[in-house]
Ligand SMILES: [Zn+2]
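Residue numbers (my numbering): -5 to 220.
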């Protein structure tokens, strides 16, 4: 038995701790360099937060900034603004059971440059991206991980979206972690990626999100209705 501030028996297993701490509440849309995907915007809410993007243990993690109380701001860590959108990723992949999954709920996180481009696309499309289908490409290594080329394809009928694809509740999934939990994560997963503190800010902003592991919330097998 352990409490929030002590452990009885074996010290916590580092790998287990990291896996638990890193199990994301939100699965971000992510492309490899040169990759293309078709997506549909489920809404155009533009939920904005500052996040600290940090290289940790060979990957990049985003911590929502807690404003004046933020422990990472207190440590002098830089933060960046991201706008979040609910989208469906229409890439097909095989899940663990070997079945094709055709529609996956994702969070699209747009940093400054991508948000500016989406603003352009929004104004071209009558003021909202909701229900718009786009072909998205990530041109290069330094491009945003959510892609930097957004080509409008068509309008789709959002009433055809399967009922089990629900938009994220941003207030819930992007809430800042308690300071104690951030401290523990930093302790267990030192900033070891690419030389830690020497990593250039641009490097990790360009590739801010690790590819999602398996089994994201997904909708399987059905034909894509649009
Ligand atoms: Zn902060």
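The C-beta atom is built at its ideal place from N, Cα and C for all residues, glycine as well.
From the options, residue whose alpha carbon lies closest to that of residue i
i: residue 161; options: 101, 23, 59, 0; result: 101
i: residue 21; options: 61, 163, 107; result: 163
i: residue 51; options: 220, 217, 179; result: 179
i: residue 183; options: 24, 49, 34; result: 49
i: residue 134; options: 19, 26, 3, 4; result: 26
i: residue 67; options: 38, 47, 157; result: 47
i: residue 115; options: 38, 1, 7, 3; result: 38
Residue span of the beta strand (DSSP E) that contains residue i, given as start and end
i: residue 74; result: 74 to 83
i: residue 69; result: First-last for residue 69: undefined, no H or E at that position.
i: residue 173; result: No beta strand (DSSP E) contains residue 173, which is instead part of the alpha helix (DSSP H) from 173 to 182.
i: residue 29; result: Counting along the chain, residue 29 falls outside any beta strand (DSSP E), and DSSP gives it neither H nor E.
Near ligand 1: residue i beta-carbon under 7 Å from a heavy atom
i: residue 53; result: no
i: residue 73; result: yes
i: residue 66; result: yes
i: residue 78; result: no
i: residue 44; result: yes
i: residue 60; result: yes
Close-in-space but distant-in-sequence residues of the same chain around residue i (CB under 8 Å, 5 per side omitted)
i: residue -1; result: none
Residues near residue i in its chain [Cβ-Cβ closer than 7 Å; skip 5 each side]
i: residue 218; result: 84, 96, 97
i: residue 58; result: 43, 45, 168, 169, 170
Neighbourhood of residue i by C-beta, 6 Å cutoff - its chain only, sequence neighbours within 5 removed
i: residue 32; result: 84, 129
i: residue 61; result: none
i: residue 3; result: none
Enclosing alpha helix (DSSP H) for residue i [first to last residue]
i: residue 115; result: 106 to 118
i: residue 47; result: From DSSP, residue 47 is part of no alpha helix (DSSP H) but of the beta strand (DSSP E) over 41 to 50.
> Below 8 Å, can you find three or more Cβ-Cβ pairs linking the segment 89 to 101 to the segment 110 to 127?
Replying inline: No contact exists between the segment 89 to 101 and the segment 110 to 127.
> Given 8 Å as the limit, is there contact between the segment 130 to 143 and the segment 166 to 182, that is, 3 or more CB pairs closer than that?
Replying inline: Output reads no: the segment 166 to 182 does not touch the segment 130 to 143.
> Is the segment 145 to 159 touching the segment 51 to 71, taking contact as three or more C-beta pairs under 8 Å?
Replying inline: By the criterion of at least three beta-carbon pairs nearer than 8 Å, the segment 145 to 159 is not in contact with the segment 51 to 71.
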